[in-house]
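To start, the structure under review is shown below, and the notes come after it.
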Amino acid sequence: MKAVSKEKSLKHYQWGNACDGWNLVDEPSLSVKQERMPAGTTEALHYHKNAQQFFFILKGVAGFEVEGEIIQIQEHQGLHISAGKIHRIYNEGTTDLEFILSSQPSTANDRYNF
Numbered sequence: 014m015k016a017v018s019k020e021k022s023l024k025h026y027q028w029g030n031a032c033d034g035w036n037l038v039d040e041p042s043l044s045v046k047q048e049r050m051p052a053g054t055t056e057a058l059h060y061h062k063n064a065q066q067f068f069f070i071l072k073g074v075a076g077f078e079v080e081g082e083i084i085q086i087q088e089h090q091g092l093h094i095s096a097g098k099i100h101r102i103y104n105e106g107t108t109d110l111e112f113i114l115s116s117q118p119s120t121a122n123d124r125y126n127f
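Take our numbering: the final residue in the sequence shown is number 127, and no numbers are missing along the way.
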């Protein structure tokens with residue numbers, strides 16, 4: 014066993030428009046990632062048939078659209094999204110948004126975009 018972090022992740026990846034992610038746990042039953050979204054970036058609306066997700070905001074303010082409802086989540090707050098809920102995260106701020114994203118089970122092959 015060893016400690017993991019953004020600097021010592023299992024894997025780094027890029028997604029969306031210049032967004033970064035770091036896998037901290039990558040198992041079929043549980044995925045934990047740290048992600049960064051630059052100012053002005055938005056994820057596409059999507060849902061997961063099987064995975065529930067929990068977002069915990071480390072830095073910045075996250076905007077979420079969940080089933081048509083707009084929710085603002087502040088730094089050091091979290092949001093749980095149940096499987097099947099149509100959602101997206103976005104950063105309307107002027108600085109990077111950083112957050113921890115836990116998915117159970119993993120969202121691998123379980124993402125359906127609109």
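Positions of the beta carbon are idealized from the N, C-alpha and C atoms, including for glycine. Everything numeric in this text was worked out from a predicted model, so none of it was measured.
Cα-Cα separation, residue i to residue j
{"i": "Trp35", "j": "Glu48", "result": "6 Å"}
{"i": "His25", "j": "Gly81", "result": "31 Å"}
{"i": "Gly106", "j": "Cys32", "result": "14 Å"}
{"i": "Asp123", "j": "Ser22", "result": "22 Å"}
Helix, strand or coil at residue i according to DSSP, with G and I counted as helix
{"i": "Gly106", "result": "coil"}
{"i": "Gln129", "result": "It is not possible to answer for residue 129, since the shown part of the chain is limited to 14 through 127."}
{"i": "Ser95", "result": "coil"}
{"i": "Ser116", "result": "strand"}
Extent of the continuous beta strand (DSSP E) run through residue i
{"i": "Leu23", "result": "From DSSP, Leu23 is part of no beta strand (DSSP E); its letter is neither H nor E."}
{"i": "Ile83", "result": "Glu82 to Ile86"}
Unbroken beta strand (DSSP E) runs of length 3 or more, entirely within the stretch 28-79: which are they? 32-40, 43-50, 65-72 and 75-79
The stretch 90-100 touching the stretch 36-43, judged by at least three CB pairs closer than 8 Å: no
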